[in-house]
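**Student:** Got a structure for you, questions after.
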Amino acid sequence: MNSKRIFTWSFMTGLVIGLIGLAYLLLGIWLAALGGSPWYILFGAGYLLSGIFIARRKARGIWLYLLTFLVCCGWSLWEVGLDGWQLMPRLFVMALLGVWCSLPWVTRQVMADGDNPRAGTLAGLVYIVAIAGIFYTGWQVTASRFVHHQAIPAQSGDTPPAATPASNDWRFYGRTEAGQRYSPLTQITPANVSQLKPAWEYHSGDVMRKGENKGGREFNFEVTPIKVGNSLFICTPHREVIALDATTGKQRWKFDPKSDTSANEYLACRGVAYSQSADDKMCPEKIIATTSEARMVALNAQTGKPCSSFGQNGFVSLTDHMGDVPPGFHFITSQPMVMDGRIVLGGWIYDNQSTGEPSGVVRAYDVNSGQLAWAWDMGRNPPNAPLKAGEVYTRGTPNGWGTYTGDPALGLIYIPLGNATPDYYGAKRRPFDDKYSSSLVALDIHTGEERWHFQTVHHDVWDFDVPVGPTLVDLPSPDGSTVPALVQTTKMGQLFLLDRRTGKPLAQVNEKPVPTSPSLPGERLSPTQPDSVGMPNLSPADLKESDAWGATPIDQLYCRIQFKSARYQGQFTPPAEGKSIAYPAFDGVIDWYGASVDPIRHVLIANTSYIPFTMEVKKSADAIREGLMQKWAGWTSRQPYPKPKDFSVGPQYGTPWAAIVKPWLSLLDAPCSAPPWGKIVAIDLNARKIAWERPAGTTRDMNIFGTHTNVPLPTGIFMMGADVITQSGLIFTGATADNYLRAFDENNGNELWRARLPAGGQATPMTYTGDDGRQFVVIAAGGHGGLGTTSGDAVVAYALPAK
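Take the sequence shown: its position 63, counting from 1, is numbered 63 in full-length UniProt numbering, and each next residue is one higher.
Here it is in structure tokens:
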């Protein structure tokens with residue numbers, strides 16, 4: 001037979017449909033055997049038979065395909081309703097294939113002479129209507145999730161603070177010690193924000209090097225500049241410190257500590273700190289920064305030269321009295337906190353590697369001399385007791401790696417703590433580990449004495465550590481007085497409203513029963529967890545099989561199989577041998593960036609992300625045999641530490657178990673969870689209710705098939721970074737994984753303006769007025785390795801056109 005006769009359009013079309021049907025059928029049988037939906041077996045049989053008939057040039061194949069598609073439509077609507085983004089993986093590809101089947105070069109070969117040729121065209125209209133309906137309902141879902149629950153207060157009883165020179169500075173990550181990220185500036189308003197234009201763009205030259213995005217390593221430009229006078233100060237992922245002219249963006253000076261970053265799995269620097277002291281005649285204005293190998297350096301703010309009067313020629317070692325610290329095991333990603341003559345910092349520990357890792361001690365240094373003022377080490381009694389000769393800080397304790405906040409009037413600094421290593425197995429934790437793990441601790445800034453602590457998770461084996469200090473705000477009480485409060489964000493999506501003087505809840509917190517089995521041998525999981533019922537809960541709803549997503553029908557079906565194959569008992573699913581779903585996971589609903597607060601209107605604005613992960617717990621011997629990790633004799637062996645090849649592997653040396661934690665993705669690396677993947681939420685702190693919430697961001701730069709090009713569907717996208725609020729009623733954020741800086745209306749969440757960034761804006765913006773009288777909005781645009789956004793080295797400023 002002539003090969004051209006065999007490989008006709010109808011044959012090739014039928015072959016494709018038949019193969020898809022076969023995949024449906026086989027995977028559907030697998031899913032049904034796991035207790036999942038049996039409907040895919042029916043769809044698989046229908047598509048397989050229709051493919052065979054079309055390949056054999058039988059008209060019944062066209063009609064069987066249509067019938068199967070219509071049944072699939074009915075089932076999809078029954079399962080997920082008019083949710084276009086949920087309907088898309090179930091129907092879109094098959095609708096496109098249906099349109100192809102309705103085209104003349106297919107139908108002419110399949111339809112018999114007596115058949116009505118218009119029938120194929122009418123079938124095609126069904127598929128076109130389905131495609132239009134998917135997109136229409138998708139946009140409608142986005143609009144319906146843009147919810148206004150209640151009006152935001154026009155203004156509280158407070159009066160706006162008077163403008164001062166300091167109000168135009170941005171000296172901390174959150175502008176002030178309180179961490180509010182609120183600016184009293186009003187030049188840019190909802191009425192004129194659409195006129196914002198690029199004012200200047202600076203490129204640091206510090207770009208991602210070969211291998212720094214492999215095996216889970218991340219190169220992230222997450223810095224928030226600080227501003228003092230007419231100077232901006234930033235740090236780069238490789239820890240260069242740079243001063244810029246705040247009005248023009250011109251470089252004033254650059255300091256390169258010549259750090260060796262080759263051992264660091266995580267390359268990020270979120271900011272530097274500023275100190276001004278009249279007592280230091282040699283270096284009255286300092287920029288305090290840290291290096292990738294755990295040193296602190298004080299630089300002259302005017303020249304960028306190390307301050308010789310500080311430490312040893314400007315440097316202080318942060319590994320002193322820490323014992324064995326292999327390269328890359330301890331460094332600081334967040335800004336040091338400078339308050340009342342003290343520099344306070346903790347550090348990032350390469351967690352989930354072993355028991356007995358370097359200490360999570362929090363230390364304070366004199367801002368002039370660099371001498372140690374106090375250390376808070378929870379393994380000591382009391383924790384701020386000084387070390388004796390030859391002693392080291394307690395190893396393996398929870399660490400305070402996030403940004404700190406403070407209240408100078410109370411003399412308190414607020415330390416967010418992680419969990420004791422390793423993250424996912426806590427049988428060997430000590431009483432003080434369990435006491436302080438995933439807690440917020442208030443310390444006296446002068447002595448390091450603990451005033452109070454509040455725990456957000458008991459015996460945390462989910463890596464739900466507290467990633468950022470609280471946002472401070474004064475709130476009205478029922479009796480008319482003012483209560484000094486704080487709002488603590490968490491990875492779980494819970495918000496805890498506390499009295500910042502005492503740590504007592506101002507909004508009700510209950511103990512909620514959670515599952516404790518199955519669990520790993522020797523574990524002692526808490527039967528309850530704190531539940532902040534008095535505040536809005538931003539946690540995701542528990543997953544179900546129908547929530548599974550994917551880029552294609554097969555993708556989505558495979559995600560359903562993964563879900564049914566894994567253990568899942570909700571947010572606190574106990575780690576146990578095998579694979580489970582972790583949602584939220586270590587990236588959390590709100591990560592290191594926290595939330596912003598408008599202190600006048602008492603409104604909190606939070607960027608939230610929803611990314612499920614999988615957690616696979618294996619016996620250590622099995623993980624070694626599979627090449628995921630190597631044998632290691634432990635800290636006392638003096639054997640070099642064998643890092644795993646991939647960051648997702650937690651060897652958990654010193655325990656019998658290894659944990660592999662990865663994003664829950666489909667065969668095509670699309671999310672296995674349905675959108676929205678990112679939302680902005682506004683919360684009225686007086687009413688303690690959500691005022692409005694909306695999806696934010698599009699799929700334009702999703703990294704599908706290794707590219708940064710995609711259809712810009714307004715699903716809401718993953719976010720990494722925070723927002724800022726201005727007194728004029730604007731919210732600026734660039735955190736979305738689609739390379740845009742956006743402005744939203746604080747009153748209702750409407751998007752008012754956006755600008756394309758040269759790279760991912762996974763950082764927190766800031767704003768100030770330059771010497772030319774214009775208000776600038778500035779953001780670092782350098783991308784995020786974990787989200788796969790475009791990498792770069794830019795700092796970009798926007799302003800209204802000069803008059």
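Ideal Cβ positions, reconstructed from N, Cα and C, are used throughout, including at glycine.
Small disclaimer: the values here were computed from a predicted structure and weren't measured.
Please tell me whether Val461 and Ser439 are closer than 8 Å, where the distance is taken between their beta carbons.
**Tutor:** On the sequence shown, residue 461 is found 461 positions in, with the first residue counted as 1. On the sequence shown, residue 439 is found 439 positions in, with the first residue counted as 1. Taking 8 Å as the Cβ cut-off, Val461 and Ser439 do not qualify as a contacting pair.
**Student:** Leaving out the 5 sequence neighbours to the left and right, which residues in its chain are closer than 8 Å to Ala442 when beta-carbon positions are compared?
**Tutor:** Position 442 of the sequence shown, counted from the first residue, corresponds to residue 442. Leu412, Ile413, Tyr414, Ile415, Glu450, Arg451, Trp452, His453, Arg500, Gly503.
**Student:** Going by C-alpha to C-alpha distance, which of Ala45, Thr8, Ser10 sits closest to Leu25?
**Tutor:** Position 25 of the sequence shown, counting from 1, holds the residue named residue 25. If we check each option's Cα against that of Leu25, Ala45 comes out closest.
**Student:** Consult DSSP for Ala143 and reduce its assignment to one of helix, strand or coil.
**Tutor:** Taking the first residue of the sequence shown as 1, we reach residue 143 at position 143. Three-state DSSP puts Ala143 in a helix.
**Student:** Just to confirm, is the Cβ distance from Val392 to Met322 under 8 Å?
**Tutor:** The count along the sequence shown starts at 1 and reaches residue 392 at position 392. The count along the sequence shown starts at 1 and reaches residue 322 at position 322. Yes, Cβ-Cβ distance for Val392 and Met322 is below 8 Å.
**Student:** Any idea which residues DSSP pairs Gly578 with across the strands?
**Tutor:** Translated into the one-based positions of the sequence shown, residue 578 becomes position 578. According to DSSP, which records beta bridges pairwise, Gly578 is partnered with Val617.
**Student:** From Gln529 to Lys435, what does the alpha carbon distance come to, in whole angstroms?
**Tutor:** In the sequence shown, residue 529 corresponds to position 529, counting from 1. In the sequence shown, residue 435 corresponds to position 435, counting from 1. Just so you know, the alpha carbons of Gln529 and Lys435 end up roughly 14 Å apart.
**Student:** Please name the residue, chosen from Ile590, Lys250, Glu240, Tyr266, that lies closest to Val272 on a Cα-to-Cα basis.
**Tutor:** Within the sequence shown, the letter at position 272 stands for residue 272. When each option's Cα is compared against that of Val272, the closest is Glu240.
**Student:** Let me know the secondary structure DSSP gives Tyr568 once reduced to three states.
**Tutor:** Reading the sequence shown from its first residue, position 568 is the one you call residue 568. Three-state DSSP puts Tyr568 in coil, outside helix and strand.
**Student:** Cα separation between Leu15 and Ala623?
**Tutor:** The residue labelled residue 15 in the question sits at position 15 within the sequence shown. The residue labelled residue 623 in the question sits at position 623 within the sequence shown. Cα to Cα, Leu15 sits roughly 41 Å from Ala623.
**Student:** Any idea what DSSP makes of Cys101, helix, strand or coil?
**Tutor:** Counting from one through the sequence shown, the residue named residue 101 turns up at place 101. DSSP places Cys101 in helix when its eight states are reduced to three.
**Student:** Which value, in whole angstroms, describes the spacing of the CA atoms of Asp158 and Tyr365?
**Tutor:** Counting from 1 along the sequence shown, the entry for residue 158 is found at position 158. Counting from 1 along the sequence shown, the entry for residue 365 is found at position 365. Only weak support is given to the placement of Asp158: the predicted model assigns it a pLDDT of 49, under 50, and the value that follows is read from those uncertain coordinates. Approximately 36 Å, taken between the alpha carbons.
**Student:** Rounded to the nearest angstrom, what separates Leu495 and Val147 at their Cα positions?
**Tutor:** If you number the sequence shown from 1, residue 495 lands on position 495. If you number the sequence shown from 1, residue 147 lands on position 147. Whole-angstrom Cα-Cα distance: 20 Å.
**Student:** Below 8 Å, how does it come out for the segment 476-486 and the segment 578-591: are there three or more Cβ pairs, yes or no?
**Tutor:** no
**Student:** How many angstroms separate the CA atom of Val514 from the CA atom of Asn748?
**Tutor:** In the sequence shown, the residue the question calls residue 514 occupies position 514. In the sequence shown, the residue the question calls residue 748 occupies position 748. One C-alpha to the other measures close to 36 Å.
**Student:** In this structure, what does DSSP give as the bridge partners for Gly650?
**Tutor:** The sequence position of residue 650 within the sequence shown is 650, counting from 1. Answer by DSSP bridge pairing, in chain order: Ala659.
**Student:** Rounded to whole angstroms, what is the Cα-Cα separation between Ala427 and Pro398?
**Tutor:** As a working mapping, residue 427 is identified with position 427 in the sequence shown. As a working mapping, residue 398 is identified with position 398 in the sequence shown. Distance between the alpha carbons of Ala427 and Pro398: 15 Å.
**Student:** Does chain D have any CB closer than 8 Å to the CB of Thr733?
**Tutor:** This model lacks chain D altogether; it includes just one protein chain.
**Student:** How many angstroms separate the CA atom of Arg342 from the CA atom of Ala375?
**Tutor:** Within the sequence shown, numbered from 1, the residue matching residue 342 stands at position 342. Within the sequence shown, numbered from 1, the residue matching residue 375 stands at position 375. So the alpha carbons of these two residues sit roughly 12 Å apart.
**Student:** Under the rule that 16 or more other beta-carbon atoms within 10 Å means buried, what is Lys286, buried or exposed?
**Tutor:** Start at 1 with the first residue of the sequence shown, and residue 286 comes out as number 286. Buried, since its Cβ has 16 or more Cβ neighbours within 10 Å.
**Student:** Is it true that the CB of Ile62 sits closer than 8 Å to the CB of Thr107?
**Tutor:** By one-based count along the sequence shown, residue 107 stands at place 107. By one-based count along the sequence shown, residue 62 stands at place 62. Yes; because the gap between Cβ atoms is below 8 Å, this pair is in contact.
**Student:** Do you know offhand how far Ile242's Cα is from Ser231's?
**Tutor:** If you number the sequence shown from 1, residue 242 lands on position 242. If you number the sequence shown from 1, residue 231 lands on position 231. If I take the Cα positions, the gap works out to 10 Å.
**Student:** Take Ala759 as the anchor and find which of Ser728, Asp771, Ala794, Val777 has the nearest alpha-carbon.
**Tutor:** Walking along the sequence shown from the start, residue 759 turns up at place 759. It is Ala794.
**Student:** Quick check for students: name the residue ranges of the alpha helix (DSSP H) that lie wholly in the segment 717-743, counting only runs of 4 or more.
**Tutor:** none
**Student:** Would you say Tyr47 and Leu27 are within 8 Å of each other, going by their C-beta atoms?
**Tutor:** Within the sequence shown, residue 47 is the residue found at index 47, counting from 1. Within the sequence shown, residue 27 is the residue found at index 27, counting from 1. Not closer than 8 Å, so no.
**Student:** Just the Cα atoms here: how many angstroms apart are Thr636 and Asp377?
**Tutor:** If you number the sequence shown from 1, residue 636 lands on position 636. If you number the sequence shown from 1, residue 377 lands on position 377. One C-alpha to the other measures close to 22 Å.
**Student:** Compute the Euclidean distance between the alpha carbons of Ser102 and Ser609, then round it to the nearest angstrom.
**Tutor:** The count along the sequence shown starts at 1 and reaches residue 102 at position 102. The count along the sequence shown starts at 1 and reaches residue 609 at position 609. Their backbone Cα atoms lie some 41 Å apart in a straight line.
**Student:** Using alpha carbons as the reference points, say which of Pro765, Pro575, Pro612 lies closest to Asp542.
**Tutor:** On the sequence shown, residue 542 is found 542 positions in, with the first residue counted as 1. Out of Pro765, Pro575, Pro612, Pro612 has the C-alpha closest to the C-alpha of Asp542.
**Student:** In chain order, which alpha helix (DSSP H) runs of at least 4 residues are fully inside the segment 423-447?
**Tutor:** 431-436
**Student:** Flag this pair as touching only if the segment 167-174 and the segment 218-226 have three or more C-beta atom pairs under 8 Å; answer yes or no.
**Tutor:** yes
**Student:** Give the single residue among Tyr568, Thr248, Gln187, Gly179 whose Cα lies nearest to the Cα of Val796.
**Tutor:** Taking the sequence shown and counting its residues from 1, the one referred to as residue 796 is at position 796. Per the Cα distances, Thr248.
**Student:** Beta-carbon separation of Ala735 and Gly716 under 8 Å?
**Tutor:** Numbered from its first residue, the sequence shown carries residue 735 at position 735. Numbered from its first residue, the sequence shown carries residue 716 at position 716. No.
**Student:** Hey, Gly347 and Leu318 are a contact pair by Cβ (cut 8 Å); roughly how many whole angstroms apart?
**Tutor:** Working through the sequence shown from its first residue, we reach residue 347 at position 347. Working through the sequence shown from its first residue, we reach residue 318 at position 318. Yes, Gly347 and Leu318 are in contact; Cβ-Cβ is about 7 Å, under 8 Å.
**Student:** Apart from the five residues just before and just after Pro408, which ones in its own chain have a Cβ nearer than 7 Å to its Cβ?
**Tutor:** One-based indexing of the sequence shown puts residue 408 at position 408. Only Glu177, Met339, Asp340 meet the Cβ criterion.
**Student:** Looking at the secondary structure, which residues open and close the alpha helix (DSSP H) in which Arg524 lies?
**Tutor:** Here the question's residue 524 lines up with position 524 in the sequence shown. Note, Arg524: premise wrong, no alpha helix (DSSP H); not H, not E.
**Student:** From Asp433, Ala123, Asn368, Phe315, pick the residue whose C-alpha is nearest to that of Gly396; which is it?
**Tutor:** Mapped onto the sequence shown, residue 396 falls at position 396. Of the candidates Asp433, Ala123, Asn368, Phe315, the one whose C-alpha sits nearest the C-alpha of Gly396 is Asp433.
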